[in-house]
Structure formats: structure tokens, C-alpha cells
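This report concerns only the one structure given below.
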Amino acid sequence: MALAYNPQVPEAERNEYLQQIFEIKGEQKILEELAKNPSTPTHLLQKLAQSSDNIIRHYIAKNPSTSVEILIQLTEDPDQQVRECALKNPNVPYLEAHRQMQLGIYQFLLAQTEAEETANDHQLMARRPDSSYALAQVVQKGDQKAKLTAACSNKTPIKVLEQLAKDADETVRQVVLQNANLPLQILLELARDKSLNVRSWLLYKSSHNKTLTPIQLLEILAQDESEQVRAKVAEHPDSSVEILTRLANDTSREVKMKLTANPNTPVTILTRLGLEENLVNQRNPNTPGIVLAQTVKSMSSKNLADFIKHPVKGSQMPVETLSQLASHTDSSVRYRVASHPNTPATVLRQLARDSYVATVRAVASNANTFPETLEVLASHPDFTTRLEVVRNPNTPPRALAEIVLSTQNSGKTPNQTVDMLKSAFPGDHNDVLRSIAGNPRTPIEALEILARREFIGATPDPQSFIPPTTDDSIVRSLVYNPSLIPQLLSILVQDSCVEVRVGLVRHPNLTEALWLQLAEDAEISVREAVAATINSPVSVLELLARDEQVEVRTKVATNRNTPITVLQLLAGDENSSVRTAAASNSNLPEIIPLLLLRGEYNQEEKLKQ
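So the sequence shown is residues 8 to 616, counted in my numbering.
Spelled out as C-alpha cells, the structure:
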């Protein structure tokens with residue numbers, strides 16, 4: 008024990024001695040000495056505090072080295088003297104602080120729980136519009152969440168809504184004003200609310216809301232002290248002509264700018280604001296041409312291009328202005344002119360010779376372009392230009408044919424010329440041919456060139472710009488062209504591409520002979536497509552019902568156009584998948600699936616049926 012308390016002995020060794028002393032049985036005095044001694048380690052004091060001996064626990068309670076955690080345990084000891092000693096321990100201030108902290112945490116959690124319970128109670132009361140008492144409690148004592156719930160409900164009584172409209176919380180007033188049941192008188196009072204947000208929210212209107220905003224409300228807000236509120240009235244779709252006319256004399260430039268965007272603003276106001284104050288909105292279809300013409304005169308090139316960038320339907324941009332801008336030195340301005348829906352065909356013909364290829368492309372896609380101009384652009388070396396020509400509804404059929412012929416002949420041009428075109432004009436001529444192939448206005452002779460895959464290059468060089476033969480994707484597009492005649496379809500049923508032959512089953516102009524030809528195709532996927540198509544003739548389905556491939560017979564069995572006689576045949580098929588498919592077909596008589604279920608349907612039954 009002396010060694011255990013000798014400070015010269017290393018701590019680890021002293022702890023070992025103390026542990027040995029603690030484990031000696033029947034040495035009461037030694038244990039009592041350990042309990043008293045301030046040098047006894049905490050972990051041994053913790054063990055001694057659990058002793059059944061009151062005296063040892065008593066000494067632990069008086070030991071100045073006893074930790075707060077041990078003292079907390081001893082304050083609940085069954086022995087009164089032990090409890091009293093623990094409370095008189097020098098560490099008791101720390102103990103008291105700990106107890107106060109625990110008490111504070113408890114009180115906080117209790118208050119939080121009470122607040123949550125109160126909030127839940129208010130929420131429940133807010134959802135009881137039939138109870139006047141419940142809603143009165145919400146208005147008087149409810150939290151924000153409960154008030155907002157009541158403010159949103161269309162079942163909340165008018166009197167409660169009126170009280171909520173006077174609530175001190177700005178958010179509650181903002182929400183309640185959106186309640187469709189709120190009387191007009193309350194809305195008019197809120198129009199003079201001290202909160203800018205509340206007054207602004209009165210002017211909010213969603214695009215799907217068809218209810219007109221009260222004119223009395225707009226009249227008050229049009230005179231609001233806030234420039235922001237007046238600007239919202241100026242752009243509001245329900246503002247009357249009288250209000251808009253009055254706002255045209257507003258001192259705020261922002262308010263006037265909003266007026267220029269409102270389609271309800273009178274043209275006389277738009278003209279005055281545009282000519283006298285240079286306030287103009289090019290997105291407003293009612294903006295007079297004279298205002299647009301004056302505005303573009305003083306603009307820089309960049310601003311000018313942006314100004315005509317997004318023309319709207321009904322734009323009054325003058326033709327004369329666009330004609331002048333067609334000669335602008337800035338290529339981006341000329342490009343925007345070529346794209347504008349008001350640009351006349353004569354100006355587009357001029358721009359078709361522009362040095363900027365984007366401008367030429369815009370001419371090719373413009374719905375106003377002359378057919379003659381499009382015919383000239385059909386031979387343009389730029390792929391995208393030719394593609395836009397193909398897509399333009401004004402392009403004459405002969406131009407489409409010319410593009411096909413020129414592309415076919417380009418395979419015979421010297422490689423250096425083709426390479427030069429490739430580097431100068433990025434794109435893919437197959438895009439052009441795909442669009443032509445699917446265009447119902449393309450002449451038959453041009454479609455025949457595509458169907459016969461007559462695009463054969465001068466050399467079979469895989470790096471060549473022109474592919475050796477017509478690309479598969481072009482012929483696949485051709486399959487969906489409704490203008491194909493049986494003569495062209497007869498070429499395509501023999502095409503080397505399986506996807507082309509599969510796609511033909513959707514074509515409305517297939518003759519029965521062509522259907523039979525597809526039904527005898529060597530490729531199983533083609534026969535499957537024919538078997539699954541409801542447009543397949545009965546004679547074709549009868550043929551495919553005897554196909555050697557199970558997949559083909561299964562498709563026939565599920566086809567709702569398959570006649571009963573063929574379904575009866577397939578119901579007795581040697582393959583279970585085919586029989587199941589036939590049984591699921593609604594055209595099969597009800598008795599046959601029952602016989603199949605019992606295993607009683609056989610060849611003799613088929614013959615009887």
C-alpha cells in the first residue's frame with residue numbers, strides 16, 4: 008500500500024499495486040483507506056462506490072477526489088448519511104452546476120414539446136372550418152403555420168378571413184388575399200396595406216387564371232406610391248384602356264416601359280412613347296411600324312441584330328426597313344433580315360447571293376422565298392442550305408429531283424473538287440437525301456434513283472467523300488414516303504437491307520403480290536413483321552401459318568386479323584407457344600381454349616370444328 012501511494016513509483020506500477028490491494032479479500036481497513044485517500048484513481052473509486060458496505064460508500068462521498076458522476080450516483084444512495092456527505096463534498100458546486108444544466112435541458116425539451124403540441128393543436132383546429140371556436144383560437148393564439156392553413160382553405164368562414172387579412176404577420180396577409188372567397192371590400196383595404204409585398208401580391212395572376220382582377224382594385228393600385236406597384240399595373244392583362252392611358256403620363260420610365268409591352272396599350276400611346284421618348288418593345292405585335300423604323304436608325308450593329316432577332320407573329324416591322332437592312336455591312340444583321348417573316352421575296356432573292364453562308368441558309372428556310380430562288384439554291388455547295396431547301400414547302404418538285412441528280416453525278420467528279428467542297432462546307436449530303444427520300448412532293452423519277460441505290464462513286468475508296476452506294480439510312484427514309492408506287496415498292500422488297508424490307512410492311516400501297524413476296528423472304532425478321540401486321544392479307548397469313556419457324560407462326564396466332572380457320576389450325580400446332588398464342592386470340596371460339604386447357608383438342612376436333 009505504501010508503494011501504491013509513493014509518488015516516486017511510476018504511475019502504471021502504482022495502479023497495479025492498488026488493483027492488487029483492491030482484490031485482497033477480508034481487508035476492510037485497506038479498502039476504507041482506499042476510499043478515503045484523495046490519490047486513489049477514479050476507476051477504483053467507481054468500483055468502491057458500488058460496495059455493499061455503507062462505511063466505504065460514506066468515505067467515497069467525503070473524498071474530495073470523487074468525480075461529479077460518482078457523486079450524482081451517491082446522492083440517490085439508500086443510506087441517508089451517504090447522501091448527505093455527497094451533498095457536502097467539495098465538488099458539490101460542480102454537481103449543482105451539472106444538475107442545473109440537466110434541469111435546463113429538461114425544461115427546454117419540455118417547452119419544445121409543448122410548442123409542438125400547441126402547433127399541432129392549432130393545425131387541427133385550422134382544418135375545422137365548421138367550428139367557430141376552433142378558428143377563433145387559431146386567429147387569436149395560432150402560430151403562423153396554422154393561420155396560413157386557415158387562410159388557404161376555401162372552407163374558412165368570411166369573418167375569419169377578414170380577421171386574417173388584418174393579421175400583424177405580413178405573410179399571412181399575403182396568403183389570405185389569394186383566397187377566392189375574400190370579399191372585394193377586404194381586397195380594396197389590402198390595396199392600401201403598409202406592406203409593399205402585400206400590395207404587389209394583389210397584382211399576381213397565374214397564366215391559367217381566367218378570373219378578371221377587379222377594376223376598382225387596379226384603379227387604386229395604379230395610383231400607388233410605389234413605382235414597382237404601378238409598373239405591375241401597367242403590364243397587367245386586366246388593366247383597362249383608361250388606366251393604361253393615365254399611366255402613360257407617369258413620371259417613372261419603368262412604368263412606361265411596361266406599358267410598351269402590354270398588348271392592350273392603345274397604338275396611339277405606343278406611337279407617342281416610341282417617337283417622343285424612344286420607349287419601344289419589339290415583342291409587342293401592336294408596336295407601330297413607324298416606331299420600329301425610327302428605332303433601328305440609331306442602333307449599333309449588335310443591338311440591331313438583337314432587336315430583330317426574335318420576331319413575333321403579327322410584327323409590324325416595315326418591309327422598307329428590312330430592305331434597307333439587307334445591305335447592312337454587318338453579316339449578323341443581314342442574317343436576321345433573311346430570317347425575318349416580314350422580309351419580302353425580292354429581298355430574299357438578293358440575300359440568296361450573300362457571302363455569309365448562314366444568311367443563305369436562312370433564305371433557304373424562309374417561307375417567303377420564291378420557288379425560283381429555292382431552285383437556284385438547290386445546287387448550292389453547302390449541305391445545310393440544300394437541306395433547308397428540301398424542307399421548305401415552297402420548293403418545287405423539279406428542284407428536289409435536281410438535288411438527287413446533282414448528288415448522283417457528284418460521284419463522278421474529280422476527287423480534288425469533292426474534297427474542296429467537303430472542307431469548305433461542313434455537313435452530310437446524306438441528310439439532304441434522307442429528307443428528299445421521305446418528302447411526298449419528290450418526283451417519282453428521283454425516288455427511283457434512290458430506290459435503285461444508283462449513287463456509285465468513281466472509285467470504291469472507303470475514305471472517299473461520296474459513298475460507294477446509296478446509304479442504308481436514305482433507303483430506310485424512302486420506305487416511309489406515302490407517294491411510293493407499286494413499281495418502286497417492288498424494287499424495295501428486293502433491297503439488300505433487312506430493315507428496309509421490314510419497314511415496307513407499314514406502307515399503304517403494297518399489293519397482295521408484294522405481300523406474298525415479303526412473306527417468302529429468307530430473313531425470319533421480315534416474315535415475323537408481315538405475320539404481326541394487321542394489314543396483312545388473309546392469303547398471306549394462311550401461308551405464314553405453315554411457316555417452319557415457331558416465331559412466325561406465333562405472330563400469326565396473335566394477329567387479330569387472322570381468320571378463325573387459321574386460328575383453329577394453329578390451336579393444334581405441335582408447339583405449345585403457338586397453341587397458347589392462338590388460345591389468347593379473341594377471334595378463336597370459346598370452346599377451343601377450354602378443350603386446350605383439358606388437353607382434349609386434337610386434329611379430329613379441328614376437323615369437326
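Beta carbons: idealized from backbone N, C-alpha and C, even for Gly.
Using alpha carbons as the reference points, say which of the options lies closest to residue i.
i	options	result
L574	I481, V559, A588, R180	A588
P97	D231, Q87, L78	L78
Q556	S584, V545, I541, N542	S584
N291	L282, T302, Q323, D60	Q323
V364	S246, F390, S532	F390
P388	E379, P270, N375, I410	I410
P273	E261, N293, L282, L203	N293
L224	A255, H215, L191, K95	L191
P404	N375, T376, E395, P447	P447
T540	E519, V512, E558	V512
L495	L311, L523, A453	A453
K36	Y12, N13, M8, R393	M8
Spatial neighbours of residue i within its chain, please: C-beta separation below 6 Å, excluding the five flanking residues on both sides.
i	result
S72	P45
A300	P325, T328
E284	none
D478	N437
A42	L55, I63, Y66, I67
V545	P570
P596	none
P318	H347, P348
A302	Checking the displayed sequence, the identity of residue 302 turns out to be Thr instead of Ala. Answer for T302: V287, listed in chain order.
L81	A68, V89, A93
Expressed to the nearest angstrom, what Euclidean distance is found between the alpha-carbon atoms of residue i and residue j?
i	j	result
P85	C92	13 Å
Q151	A198	22 Å
N401	E226	51 Å
E249	V344	37 Å
R368	L525	42 Å
E18	T47	11 Å
F432	G510	Residue placement at F432 cannot be trusted, given a pLDDT of 39 that sits under 50; what the coordinates show is reported in the next sentence. Each residue's Cα considered, the two are about 33 Å apart.
S484	R441	6 Å
V16	Q53	23 Å
N594	A536	20 Å
D554	D528	11 Å
G445	A238	51 Å
S648	R508	The structure shown does not extend to residue 648, since the chain is modelled only from 8 through 616, so no value can be given for it.
Q185	V179	10 Å
L457	V482	7 Å
I315	T350	11 Å
A406	V354	21 Å
F29	K95	26 Å
E506	R534	12 Å
L491	N375	29 Å
Below 8 Å CB to CB, which residues in the same chain sit around residue i once its five sequence neighbours on both sides are set aside?
i	result
S308	H335, T336, D337, S339, V340
L548	A538, V563, N566, N568, T569, P570, V573
A268	E242, N288, R290, N291
K263	A241, L254, A255, D257, L280, E284, L286
N204	E177, Q181
P450	P404, R405, L407, A408
My output table needs one value for residue i: the three-state DSSP class, helix, strand or coil.
i	result
F390	helix
R448	coil
G510	helix
M8	coil
L595	coil
C504	coil
Y24	helix
A187	coil
D479	helix
T350	coil
R360	coil
L366	This sequence places Thr at residue 366; Leu is not what is there. Helix, per DSSP.
S490	coil
L495	helix
D174	coil
N373	coil
I541	coil
Following a CB-centred definition, is residue i positioned closer than 6 Å to any heavy atom of the ligand MN?
i	result
L224	Of ligands this structure carries none, so the ligand MN is not represented either.
If I measure Cβ to Cβ from residue i and keep anything under 7 Å in the same chain, skipping five residues before and after, which residues do I get?
i	result
A359	V367, V370, T380, V383, L384
Counting only beta-carbon atoms, is residue i nearer than 7 Å to chain B?
i	result
N349	Of the protein chains in this structure there is only one, and it is not chain B.
* Asked: Which ranges would you report for the alpha helix (DSSP H) in the stretch 297 to 323 if only whole runs of at least 4 residues count?
  -> 308 to 314
* Counting only runs that start and end within the stretch 222 to 309, where is the alpha helix (DSSP H) found for 4 or more residues in a row? -> 222 to 228, 234 to 242, 248 to 254, 260 to 268, 274 to 284, 296 to 304
* May I have a chain-ordered list of the alpha helix (DSSP H) segments no shorter than 4 residues that lie completely inside the stretch 13 to 96? => 18 to 30, 35 to 43, 49 to 55, 61 to 69, 75 to 81, 87 to 95
* **Contiguous alpha helix (DSSP H) assignments of at least 4 residues, all confined to the stretch 319 to 348** => 326 to 332, 338 to 346
* alpha helix (DSSP H) segments (min. 4 residues) lying fully within the stretch 544 to 589 -> 545 to 551, 557 to 565, 571 to 578
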